Amino acid sequence: MMEPYRLGLVATRTHYFQLVAKLGSIRQAARAMNVAPSSVSRIIRQLEEELGTPLFERVRQRLKLTSAGELLLYHARISLSELGRACNEINELHGLQRGTVSISVVESVARGQMPAVLEEFWKRYPAIVVDIKVTGSQQAADAVHEGDCDLAVAFDVNTPHSIRRIASASLPLGVVALPGSRFAGRRSLKLFDLSGDRVILSDSSLMLGASVEEAFSQTLIDLTRRSRTNSIELMVELARRNLGTVLQTQIGVEEEIRNGTLIFVPLRDPKVPTRKLMLLSRSEREMSDAAAALGRLLAQSIERSVNSTPALAEATG
Numbered sequence: 004m005m006e007p008y009r010l011g012l013v014a015t016r017t018h019y020f021q022l023v024a025k026l027g028s029i030r031q032a033a034r035a036m037n038v039a040p041s042s043v044s045r046i047i048r049q050l051e052e053e054l055g056t057p058l059f060e061r062v063r064q065r066l067k068l069t070s071a072g073e074l075l076l077y078h079a080r081i082s083l084s085e086l087g088r089a090c091n092e093i094n095e096l097h098g099l100q101r102g103t104v105s106i107s108v109v110e111s112v113a114r115g116q117m118p119a120v121l122e123e124f125w126k127r128y129p130a131i132v133v134d135i136k137v138t139g140s141q142q143a144a145d146a147v148h149e150g151d152c153d154l155a156v157a158f159d160v161n162t163p164h165s166i167r168r169i170a171s172a173s174l175p176l177g178v179v180a181l182p183g184s185r186f187a188g189r190r191s192l193k194l195f196d197l198s199g200d201r202v203i204l205s206d207s208s209l210m211l212g213a214s215v216e217e218a219f220s221q222t223l224i225d226l227t228r229r230s231r232t233n234s235i236e237l238m239v240e241l242a243r244r245n246l247g248t249v250l251q252t253q254i255g256v257e258e259e260i261r262n263g264t265l266i267f268v269p270l271r272d273p274k275v276p277t278r279k280l281m282l283l284s285r286s287e288r289e290m291s292d293a294a295a296a297l298g299r300l301l302a303q304s305i306e307r308s309v310n311s312t313p314a315l316a317e318a319t320g
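Heads up: the sequence shown begins at 4 in the numbering used here, then just goes up one per residue.
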């Protein structure tokens, strides 16, 4: 059996190697870990000397994995996954009385759905730790793919076969506005209703923004893009101040809609793409009972978001 200090050394080297592989830079990896770059360089050099082959090559000012490096990274991820699985199984010996779940979500979900989901989760399982990262959609999906998180909630991402899609919902884009605006009382809108408006778009999906602008250009509607931002908090504040026509899903604005501070009027136009909200997870055998329980609550929340959309409720009623 390997001695404890040796296990710790292997874990440290593996962590350093994986971070350099992910960031493509020794200096960035050192900054992320708050250590000296020379320490990271020494660890990588020791690994290469012991294996007798280079693990990285420099390509355009970035470190790229060699064939040997790719092989080592593949097995390192498998080992990390197996270690996580063992920890999950040990935790499950105690039922759902202990353990940790990690999740990566986009800002709108963190702002809108996560507080209520966590409130219900901790009522049932008060001792479970939930670590939450707020990132962009692709980064959230990548975190699950790379084994950094158990779950992710993201918009409009392509997922590899290694990731499970537990739940998804197609949500319409719509206008977030003041109750006294000209949109008040409307059940839905068409593109021509926004003619002449100064529009504020979310850049959490640049493809979506481009699609919306293309849709306006095809219909010869006068549209001026005032702003594009990746901050849902800023978009809500701009809507409160009536500084432009904010186009967004209702995710992240649920509280303002409930208390009447803002309204949401969906766009029902075939030229405007819907957004797909997806709940992603690692493979079923790698999921702890705690992660599965949180996943079920999130899936229910995503389902409710579809049912509460005015346009969809009208279409199915």
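The C-beta atom is built at its ideal place from N, Cα and C for all residues, glycine as well. In this text, all values refer to a predicted model and were calculated from it rather than measured experimentally.
Measure the CB-CB distance between residue i and residue j and report whether it falls below 8 Å.
i, j, result
"Leu297", "Ile29", "no"
"Ile131", "Met117", "no"
"Val156", "Ala143", "yes"
"Arg201", "Thr248", "yes"
"Tyr361", "Ile47", "The structure shown does not extend to residue 361, since the chain is modelled only from 4 through 320, so no value can be given for it."
"Ile266", "Phe195", "no"
"Ser173", "Thr277", "yes"
"Gln1", "Ser205", "Limits of the chain in this structure are 4 at one end and 320 at the other, which puts residue 1 out of reach."
"Glu287", "Arg114", "no"
"Val256", "Val239", "yes"
"Ala79", "Gln21", "yes"
"Glu110", "Val137", "yes"
"Pro163", "Gly263", "no"
"Val120", "Ser140", "no"
"Leu282", "Ile169", "yes"
"Ala293", "Tyr128", "yes"
"Ser230", "Ile203", "yes"
"Asp153", "Val104", "yes"
"Gly27", "Leu75", "no"
Can you tell me whether DSSP reads residue i as helix, strand or coil?
i, result
"Glu149", "coil"
"Thr252", "coil"
"Lys2", "Residue 2 is absent from the model: the chain starts at 4 and stops at 320."
"Thr227", "strand"
"Leu96", "Only weak support is given to the placement of Leu96: the predicted model assigns it a pLDDT of 43, under 50, and the question is left unresolved by the model."
"Thr17", "helix"
"Pro269", "strand"
"Ser28", "coil"
"Val108", "strand"
"Arg65", "strand"
"Val202", "strand"
"Leu197", "helix"
"Arg278", "strand"
"Leu246", "coil"
"Leu192", "strand"
Classify residue i: buried if its beta carbon has 16 or more other beta carbons within 10 angstroms, exposed otherwise.
i, result
"Leu54", "exposed"
"Ser304", "buried"
"Met36", "exposed"
"Thr15", "exposed"
"Gln253", "buried"
"Leu246", "exposed"
"Val23", "buried"
"Gln49", "exposed"
"Ser41", "exposed"
"Gly102", "buried"
"Met210", "Below a pLDDT of 50, predicted positions are generally treated as unreliable, and Met210, at 47, falls in that range; no measurement from the model is reported."
"Val62", "exposed"
"Ala39", "exposed"
"Gly199", "exposed"
"Gly188", "exposed"
"Leu96", "Low local confidence applies: a pLDDT of 43 at Leu96 is under 50, so the model's placement there is unreliable, and no value is given."
"Thr17", "buried"
Is there at least one non-hydrogen atom of the ligand COA closer than 7 Å to the beta-carbon of residue i?
i, result
"Leu50", "Ligands in the displayed structure: none, and consequently the ligand COA is not present."
For residue i, would you say it is in contact with chain D, using Cβ-to-Cβ distances shorter than 8 Å as the test?
i, result
"Ser291", "Here there is only one protein chain, and chain D is not present."
task: Could you tell me whether the region 171-181 touches the region 259-274, using the rule of 3 or more Cβ pairs below 8 Å?
output: yes
- prompt: Where are the alpha helix (DSSP H) runs, 4 residues long or more, that stay fully inside the region 128-190, in chain order?
  reply: 140-148
field: Whole runs of the alpha helix (DSSP H) within the region 282-310, excluding any shorter than 4 residues
entry: 292-310
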